[in-house]
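Encoded as C-alpha cells, the structure appears first; notes follow it.
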Amino acid sequence: MSRARWVPLVLAWGVLVLCGLPALAITLSRALASTDLRAVRLAAFAPFGVVLYALCLVAILVLVWLAAGRGRIRLAVVAGVVALLLAVHVAWQAPFYAGSRATSAGEPLTVMTTNLLEGKGDTDAVVDAVRANKVDVLAVQEITAEALEKLTVALGDQLPYRSGEAAPGTTGTMLFADRPITKSRRIETAMGSWAADVGEWRVVVAHPAPPTLAVWPAEQELIIEAAAAEKPDLLLGDLNASLDHHTTRRLLDDADLQDAARASNAGWQPTWPTEGFAGVPLPPATAIDHVLIGDALVALATETVEVPGSDHLALVAYLGTPEG
19 MSRARWVPLV LAWGVLVLCG LPALAITLSR ALASTDLRAV RLAAFAPFGV VLYALCLVAI
79 LVLVWLAAGR GRIRLAVVAG VVALLLAVHV AWQAPFYAGS RATSAGEPLT VMTTNLLEGK
139 GDTDAVVDAV RANKVDVLAV QEITAEALEK LTVALGDQLP YRSGEAAPGT TGTMLFADRP
199 ITKSRRIETA MGSWAADVGE WRVVVAHPAP PTLAVWPAEQ ELIIEAAAAE KPDLLLGDLN
259 ASLDHHTTRR LLDDADLQDA ARASNAGWQP TWPTEGFAGV PLPPATAIDH VLIGDALVAL
319 ATETVEVPGS DHLALVAYLG TPEG
C-alpha cells in the first residue's frame, strides 16, 4: 500500500475509534435515562456528541473513499448510521438556537443565579453584575455567613429583602429580591433549597446534590416533586443536571416549566467547571445552572457572568410578563 493511501487510512481509523467510542457512550447515557452515576456524568456532555459524530462522519467518508467492492458498501452503511446519530444530537441541541421566542415583554424581570463555591466566589463581582444588569431577584448557592454579610451590606439598597440560610461549606442557599419575600419554606435537599413568594411570583431556589454522590437520583426526585407541588413561576439555581438529563426534562414537564436559555434561543451556555478538569485549564463544559420559567413569564435572553473564585459561571436571565 502506498504512503498516499496508508496515512489517511490510519488517521481515519484513529479518529473513528478515538471519537466514536466516547460519542456512542454519551449517546447511550443520554438516551437510556439511567440513574447510574457514571452514565449521569456522561450524559452531561451530550452537546459534544455533535462534534464527535461530525469528526466520525468525516473519517468514515475517507474510509469509504479508500475502500473498494463490498467493503465500500459496508462502510457506506456505517456512514449512514453515524450521520443518523449526528442528526439525533443536532436535534437535541437545535432548540437552543432555533424556534419560536418572545422578542418583547410587558413588565421586565431580571434574575440571576450564582454558586459561590463554599463562599470563595468574589462577592464584589456578584454585586457588580447585579448592579450592571439591574437584577430584581438573586439566588445564591454555597453562601457562607461572611459572604451573606458582604452581599447584604452592598446590595441593601437594590435587593433589601432576603430569605434562606447561610451556612459553612456547600449547604447555604439564599434568595435576595427587590420586593417582599413571604411564605418561605425549606426544601430538604442536603445542600439547601427553598420556596418562597417573591412579590406576586412563586419562586424555588434549587440546589440538589451533584452526581458524584449516591443521593443524586433521590434529590433530583425531591426537586421534581417539590416543583410539581409548588407550580412555581420561577425556578433557578444549580440543579447539578443539564437539559440532557432525564430528570431535568421531567422537571420541566411535571412543573410546566421552560428553560429560559432554550426558550430565548440563547444557545448552549455551559456554566461549570470554570477551573477545568484534573488540573487542565479548559472552558466550562456543561450547563448545570438554570433559570426555569412558568407560563406567567417569558424569556428574552440569558447570559453567563464570570465570578472569580467560584467554579461556576453565574447565569443572568432577562424575563418579563407576556404582552397583552
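If you read the sequence shown in our numbering, its first letter stands for residue 19, the second for the next number, and so on.
Heads up, the beta-carbon is just placed ideally off N, CA and C, and yes, glycines get one too.
The model shown is predicted, which means the values in this text are computed figures rather than measured ones.
- The residues F114, Y115, A116, G117 and R119, in chain order, have a CB closer than 7 Å to that of N283 in the same chain once the five nearest residues on each side in sequence are set aside.
- In the structure shown, the three-state DSSP call for A224 is strand.
- If you look at V95, you'll find it in the alpha helix (DSSP H) that goes G87 to Q111.
- In the three-state DSSP reduction, I306 falls in the coil class, being neither helix nor strand.
- Membership of K168 in the alpha helix (DSSP H) is indicated by the continuous run A163 to L173.
- Within the stretch 174 to 215, the runs of beta strand (DSSP E) at least 3 residues long that lie entirely inside it are, in chain order, 179 to 183, 191 to 195 and 199 to 205.
- Beta-bridge partners of E321 (DSSP): V334.
- The C-beta of S122 has fewer than 16 other C-beta atoms within 10 Å across all chains shown, which makes the residue exposed.
- Of the other Cβ atoms in all chains shown, fewer than 16 fall within 10 Å of the Cβ of R88; this residue is therefore exposed.
- Closest option to V129, judged by alpha-carbon separation, among P288, A279 and T304: A279.
- Looking at the DSSP output, N151 shares a beta bridge with no other residue.
- Taken through DSSP and simplified to helix, strand or coil, F63 comes out as coil.
- With a cut-off of 8 Å on Cβ pairs, the stretch 224 to 235 is in contact with the stretch 258 to 273, counting three or more such pairs.
- Per DSSP, reduced to three states, the secondary structure at P40 is helical.
- The Cβ neighbour count for T230, taken over all protein chains shown within 10 Å, is under 16; the residue is labelled exposed.
- Rounded to the nearest angstrom, the Cβ distance from V325 to A332 is 5 Å, consistent with a contact under 8 Å.
- Under the 10 Å beta carbon count, P250 is surrounded by 16 or more other beta carbons and is classified as buried.
- In summary, E164 is exposed, with fewer than 16 beta-carbon neighbours lying within 10 Å of its beta-carbon over all protein chains present.
- If you check the CB distance, R149 and Q176 come in under 8 Å.
- Per DSSP, reduced to three states, the secondary structure at A57 is helical.
- The alpha-carbon separation between P65 and A101 amounts to approximately 16 Å.
- Three or more Cβ pairs drawn from the stretch 134 to 149 and the stretch 175 to 193 lie within less than 8 Å of each other, which places the two stretches in contact.
- Of L103, I161, E218 and L173, the smallest CA-CA separation from M192 is found for I161.
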